[in-house]
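Worksheet: one structure, shown below.
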Amino acid sequence: MRALCWNGVNDLRVERVPDPTILAPQDAIIKVGLSSVCGSDLHLIGGYVPTMRAGDIIGHEFLGEVVEKGPEVTRLNRGDRVITVSIIGCGKCWHCEHEEFSLCDNSNPQPAFEEMAYGHCTAGIFGYSHAFGGYAGSHAEYIRVPFADTNCFRVPEGVTDEQAVFVSDAVPTGYMAADMGNIKPGDVVAVWGCGGVGQMAMKSAFLMGAERVIGIDRFPDRLRAAQMKAGAETLDYSRVDIYDALLAMTGGRGPDVCIDAVGMEADSGASAIEDLYDRGKQVLRLESDRPAVLRQMIQCCRKGGTLSIVGVYGGLIDKFPMGAAMNKALTFRMGQQHGQRYVKRLFEHIEKGDLDPAYLLTHKWALDDAPQGYRMFKEKADDCMRVVFAP
């Protein structure tokens, strides 16, 4: 089959690779119909996740058809149209039983990497390096899904492919970001990053009762989408001081909830010196992640407020204002998405018309054009929100 393979920093190629096969009785083989890029893929492409190997298939947000299943798969049938949650849960361990699927004890078959770096091993993730299990990704004609009864969900009849594909990752990630904020009616929520996950976090914040949502970015097309599609007010961090602007918009109090939908490659709109500091240390591998957004959120959030972090971080950060976070009594909640917890609820929102993530799909390309698609996505060219490949 054809698949998009990582072969080094900024080196993606569509190659012929062996078709996946059933390896365990709980497996299913999915014929991929749509597979989307994701901002967290850029960390892999840029070389910021050190456990990639040449030939690894990337991609983790996808929809397709069940074409084969193992003897212990009982919830699915051949021919079912399904989405698969990008984070893999076994469904049986303590964490899965408590709906903490991204903390699964059993789905990562290569635990040594994370145990060394983090103290514990977390769940496997499709197409996301050998630290997260070494699973082949979804930018391919077919993909093997382990623990298929836990991770695959039938798409309801009234939901289109273009809506459903994002329920694999972007929608539950944004929804969980809002959920972790413990949003109450009347709250003001600020979201850093107006890409796919940020858009879904803004929409979800309103669904959970937020009175005002403020989207922060610098790309005009994303800020327009935040206004027109997500209903948010917007700030361009390249034109205003975010701290001053947020305090002015909230009567000097600050947002009740701040959401980080950016992660380890954040730009600093506050200070050129800060940006040069972080980029220089990152290049020299003295700091793995750029925490500009985290610093801003700590400064901007109201006293006693909540920071919700779904932007991906991989390692170590520097100059973290712990004193401000502690003395302001801020609550931090964070994590990879527990998508299986939310899928049914999200499809219900889509069916009712409360949520329509299809607008995230701005470009639909053939798999053979995937390297160019990622280049466009990385450069934010042609008002690209998400490129979706159709193998």
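Residue numbers (this note's numbering): 3 to 393. From the three backbone atoms N, C-alpha and C, an ideal C-beta is built for every residue, glycine too.
Within 9 Å, strictly: CB atoms of residue i and residue j
i, j, result
"A203", "A179", "yes"
"I127", "T86", "no"
"L278", "C303", "no"
"F103", "G341", "yes"
"L357", "S206", "yes"
"A5", "L369", "yes"
"S42", "G265", "yes"
"V190", "G217", "no"
"Y130", "Y120", "no"
"V259", "E235", "no"
"A268", "V312", "no"
"Q339", "I89", "yes"
"G91", "T175", "no"
"N110", "E116", "yes"
"A227", "Y376", "no"
"L363", "S38", "yes"
"G355", "K330", "no"
"R156", "D246", "no"
"L209", "A150", "no"
"P373", "V19", "no"
"E63", "V161", "no"
"P158", "E353", "yes"
"V390", "E164", "yes"
"D280", "D243", "no"
Whole-Å CB distance - residue i paired with residue j, under 8 Å assumed
i, j, result
"R335", "S310", "5 Å"
"C106", "A125", "4 Å"
"R146", "D29", "6 Å"
"V68", "E143", "In fact, because the Cβ distance is near 14 Å, the residues do not count as touching under 8 Å."
"V345", "V169", "6 Å"
"S140", "G57", "Actually they do not touch by this definition, with Cβ atoms about 16 Å apart."
"L44", "L65", "Incorrect: roughly 21 Å between the Cβ atoms, too far for contact."
"D13", "D223", "With a Cβ gap of about 28 Å, D13 and D223 do not count as contacting."
"G197", "M387", "7 Å"
"S290", "Q298", "No, S290 and Q298 are not in contact; Cβ-Cβ is about 19 Å, not under 8 Å."
"G2", "V51", "The first residue shown for the chain is 3 and the last is 393, placing residue 2 beyond what the model contains."
"D171", "C40", "6 Å"
"V173", "P22", "Not a contact, Cβ separation roughly 26 Å."
"H97", "Q112", "That pair is no contact at about 18 Å."
"C95", "I59", "Between I59 and C95 the Cβ distance is about 26 Å, and since that is not below 8 Å, they are no contact."
Status (buried if at least 16 other CB within 10 Å, exposed otherwise) for residue i
i, result
"E350", "exposed"
"D262", "buried"
"P393", "buried"
"M54", "buried"
"L225", "buried"
"R287", "exposed"
"H122", "exposed"
"F322", "exposed"
"P27", "exposed"
"R343", "buried"
"I148", "A small correction: the amino acid at residue 148 is Pro; Ile does not occupy that position in the sequence shown. Buried."
"K71", "buried"
"G282", "exposed"
"I275", "exposed"
"A326", "exposed"
"V11", "exposed"
"P187", "exposed"
"L73", "In the sequence on display, residue 73 carries Pro and not Leu. It counts as exposed."
Which residues DSSP lists as bridging residue i, in chain order
i, result
"G126", "I90"
"Y120", "Paired residue(s): none; Y120 is not in a bridge."
"F391", "S37, W367"
"A274", "DSSP output for A274 lists no bridge partner at all."
"Y144", "K33"
"E235", "I216"
"R15", "C7"
"R83", "E67"
"E267", "R292"
"R156", "V84"
"I261", "V193, S310"
"D243", "Answer is none; D243 lacks a bridge partner."
"I59", "C7"
Residue i at chain B interface by Cβ criterion, 9 Å
i, result
"C98", "The chain inventory of the structure shown lacks chain B, comprising one protein chain alone."
Residue i: CB within 8 Å of a non-hydrogen atom of the ligand MG
i, result
"G375", "Only the bare structure without any ligand can be found here, which leaves the ligand MG out of the picture."
Every unbroken beta strand (DSSP E) within the segment 299–351, with a cutoff of 3 residues, ordered by chain: 308–311, 333–336
Completely contained beta strand (DSSP E) runs for the segment 166–211, where each covers 3 or more residues: 190–194
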